[in-house]
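Undergrad: Be aware that the sequence shown starts at 8, since it is given in this note's numbering, and climbs by one per residue.
Glycine is no exception: its CB is placed at the ideal position from the N, C-alpha and C atoms.
One structure coming up, written as structure tokens, with questions to follow.
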Amino acid sequence: MKLNCALVNDLYVLYQEGELSLEVRDALEAHLKDCPDCCRIYKSGSGFTGLPETKELEPSKKMDEKIMLTLKIRKLKLAVFVILIIFTITTLQGYANTRSHLLADMSRLEQPLWHMHLDVDTVKGPHFVAWNMGTLLEQINDQNNVLHRNLNAYEKRILRENDKSLFLHLNLLNVLDMLHQRSMAETFTDRDELVLERISGYFYDAVALLTEERLTTNEYSAGGISLILHRVDILALAQIYEDINRLSLTYYQYNKLPEETTLLTDEELQETLTTLFPNACPFELRGREQAETWGKITFESKGSGSRHYGYLDPYTGDLISVRLHDKELEGPLLPVEEVEKNILEFLAAVHGTAYSHEIEYQGINHNFSSNVDIKLYSWRAHTYLNGYRLNNFIEISADARTGILDRYFTERGPVRKRSAGLGNYSLISAEDALNNLDLQEDAPKLSFRETIVARSALTGKLQPIHVYSAANQPDVFVNAVLGKVEYPLQY
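Below, the structure written as structure tokens:
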């Protein structure tokens, strides 16, 4: 062991007091033999006080600042680390609370879904009340909104990416009421039974899915990483809703099962629009993702100074509505009679030659006001088939300066294009149909008003309907082929 002078200096006191170990003492004495200066001092007993003192270097200001900055950074890192821990704990606790709310939401949603599954069977009985089913449907959709609110970001993103929603359309009530009317009129068919079974089965599947997801989520809610990683299969529930919505739409609107219907292609829809609006710019189609369940697709065409915007039926191509926003024009107004010819030609193109039309002039700027000089002629159009007025009317207007269509709107959905009339029916006279009605003795006296054409809720076909009126009472509609009461009327 070799020692330097500085270390020998430090060990002086311990050497004098005999506190050094044998090995260190031997090394120190070996150094004293080789170092005359250290040896002289040790022998004199004066210690190393005589040696020149080492000048203590003062740290520079820059070094002080660097040390202080390092200390501040360390404190800041510690504070950030503590904040991150607190934030993580708070976030996980909030997420756990949200998942507990989700459990309660799923439980509350199960109840009206189960009641809907059970109450569907009452459709075939006399005690069915559409209002009660409407209340259940409203409860389901309200609870769907609450459920969606407590989904995590991943589950919401899955719904958006697949164009799914947690919503049941009102067409469900329409189809259930229609099936009830058929059951009471003894026109209920095997296809109707199949539709009812499917609807009931869909609600049962929704309850079973929610029960399974609720139990699974409850198991994971004990905590740990499993709670964070668990995802509710919300897409499966949205798919069940979509199946219900599509079945309700196709059977109510077209009297067909979903597998019997096909959406028109974009090319077919573009061809329809080009036929109706030959001078318009190319059309953009939107909403195909929801078209199967909503029964409409949006079209829009933007040109220099004009814009066509409206809706088409994606299954049939029938025009639902359209609005043309044209550039502001100036000049004289065209004669109303000249513009009426354009309107009748447009209606024939929209509905086909099987229909005839009567248009009733409403005036200029009817129910319209603007701060610019726009002039519009307006009409109400009535459509006839085999001489009977269709249970639908059309609001239509055109620019008074150009005669170009401005607005087309039907009150009860699109007028279905037909290649033929009603067919051969043996009609019950209005008098015989009234006499065959099972009316109470104190019932208001009914008087025949007209025979119209509407799509029968009892058969799903377009058929003549006798209309009867009574003072201060709703109209009574009787199927002129079956002699049975129709309510509510379809279109």
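Glu24 to Asp33, Cα distance in whole Å?
TA: Whole-angstrom Cα-Cα distance: 15 Å.
Undergrad: With a CB to CB cut of under 7 Å and the five nearest residues on each side skipped, what residues in its chain are close to Leu465?
TA: Answer for Leu465: Gln188, Arg189, Ala192, Thr194, Asn486, Leu489, Lys491, Glu493, listed in chain order.
Undergrad: Taking DSSP as the reference, what is the three-state secondary structure of Gly467?
TA: Correct three-state label for Gly467: coil.
Undergrad: Helix, strand or coil for Phe353? Go by DSSP, reduced to three states.
TA: DSSP places Phe353 in helix when its eight states are reduced to three.
Undergrad: If contacts are defined as beta-carbon pairs under 8 Å, then Leu441 and Phe455 qualify, I think. What distance do you get, rounded to the angstrom?
TA: That belief holds up - the Cβ atoms of Leu441 and Phe455 are roughly 7 Å apart, short of 8 Å.
Undergrad: With DSSP as the reference, identify every bridge partner of Val492, one or two as the case may be.
TA: The partner list for Val492 (beta bridge, DSSP) reads Val485.
Undergrad: Taking all protein chains shown into account, do 16 or more other C-beta atoms lie within 10 angstroms of the C-beta of Lys50, making it buried, or fewer, making it exposed?
TA: When all chains shown are included, Lys50 counts as exposed.
Undergrad: Could you check whether Thr224 and Leu154 sit closer than 8 Å to each other, using their CB atoms as the reference points?
TA: No, the pair does not count as a contact, with Cβ atoms beyond the cut-off.
Undergrad: Where does the unbroken alpha helix (DSSP H) through Gly141 begin, and where does it stop?
TA: That run of the alpha helix (DSSP H) goes 137-156.
Undergrad: Apply the 10 Å Cβ neighbour rule to Arg462 and answer buried if 16 or more other Cβ atoms are within range, or exposed otherwise.
TA: That one is buried.
Undergrad: When the distance is taken between beta carbons, is Tyr209 closer than 8 Å to Asp250?
TA: Yes. Within cutoff.
Undergrad: So, for Asn372: in the same chain, excluding its five sequence neighbours on each side, which residues have a beta-carbon less than 6 Å away from its beta-carbon?
TA: So the list reads Leu383, once near-sequence residues are dropped.
Undergrad: Buried or exposed, going by whether 16 or more other CB atoms sit within 10 Å of the CB of Trp138?
TA: Exposed is the call here.
Undergrad: Let's see if you can read the secondary structure: which residues bound the alpha helix (DSSP H) around Arg253?
TA: Residues 241-261.
Undergrad: Are the CB atoms of Ile401 and Arg414 within a distance shorter than 8 Å?
TA: Not closer than 8 Å, so no.
Undergrad: Have a look at Glu204 and Glu352 and give me their C-alpha separation to the nearest angstrom.
TA: Their Cα atoms are separated by approximately 45 Å.
Undergrad: Would Glu60 be called buried (16 or more neighbouring beta carbons within 10 Å of its own) or exposed?
TA: Unreliable placement is indicated for Glu60, whose pLDDT of 48 sits below 50; no coordinate value is reported for it.
Undergrad: Three or more beta-carbon pairs under 8 Å between the region 111-130 and the region 165-172, yes or no?
TA: These segments do not touch.
Undergrad: Does the region 275-291 come into contact with the region 306-316, if we say contact requires no fewer than three beta-carbon pairs (one atom in each stretch) closer than 8 Å?
TA: The region 275-291 is in contact with the region 306-316.
Undergrad: Work out the CA separation of His38 and Asn11 for me, nearest whole Å.
TA: C-alpha separation (whole angstroms): 8 Å.
Undergrad: Alpha carbon to alpha carbon, what distance is there between Asp449 and Asn479?
TA: Their backbone Cα atoms lie some 15 Å apart in a straight line.
Undergrad: Who are the near neighbours of Leu58 in its chain, counting only those whose CB is closer than 8 Å to its CB and skipping five residues on each side?
TA: Model confidence at Leu58 stands at a pLDDT of 43, short of 50, so the residue's coordinates are unreliable; what they give is reported in the following sentence. Asn16, Ile48.
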